[in-house]
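Numbering (full-length UniProt numbering), first residue to last: 1 to 107.
So this is what it looks like as structure tokens:
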């Protein structure tokens, strides 16, 4: 099996608590692993379906101040390893505020 990199932008390590909300379900606790202009990867205790839509929320430190990023996302991959699931999310229609926070964080 050949694994090809699907990421379209550089990533920055980000290890913070996050919440993942699936429609009609209670939010799931998660931890971010890394983030880029197009998406974020998180670790979860349960698997998600590729293609599934969700909402993710977490805090970034932007110019020395905490900024909450809330974003609609789509599951691009879900891999089990080390007793947890690593899930790659692609951002879907980020709003201007979120885009601004993200751009400043990634600088």
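For glycine and all other residues, C-beta sits at the position ideal for the given N, C-alpha and C.
Bounding residues of the beta strand (DSSP E) (the contiguous stretch that carries residue i)
i: residue 19; result: 17–21
i: residue 27; result: Segment: none, residue 27 is in no beta strand (DSSP E) and carries neither H nor E.
i: residue 67; result: 65–81
i: residue 54; result: 53–62
i: residue 108; result: Outside the modelled stretch of the chain, which goes from 1 to 107, sits residue 108, for which no answer is possible.
i: residue 90; result: 84–92
First through last residue of the alpha helix (DSSP H) which encompasses residue i
i: residue 102; result: 96–106
Counted within 10 angstroms of its Cβ, other Cβ atoms place residue i as buried (16 or more) or exposed
i: residue 14; result: buried
i: residue 69; result: buried
i: residue 35; result: buried
Spatial distance of residue i from residue j (CA atoms)
i: residue 104; j: residue 71; result: 16 Å
i: residue 3; j: residue 43; result: Reliability of the predicted coordinates at residue 3 is poor, the pLDDT of 46 falling under 50, and the value obtained from them is presented with this limitation in mind. Going by the C-alpha atoms only, they are around 19 Å apart.
i: residue 27; j: residue 45; result: 12 Å
i: residue 23; j: residue 92; result: 15 Å
i: residue 100; j: residue 107; result: 11 Å
i: residue 29; j: residue 16; result: 11 Å
i: residue 18; j: residue 52; result: 18 Å
Anticipated Cβ contact below 8 Å, residue i with residue j, distance rounded
i: residue 40; j: residue 62; result: Going by Cβ atoms, the distance from residue 40 to residue 62 rounds to 15 Å, so no, they are not a contact pair.
i: residue 85; j: residue 78; result: 6 Å
i: residue 48; j: residue 87; result: 5 Å
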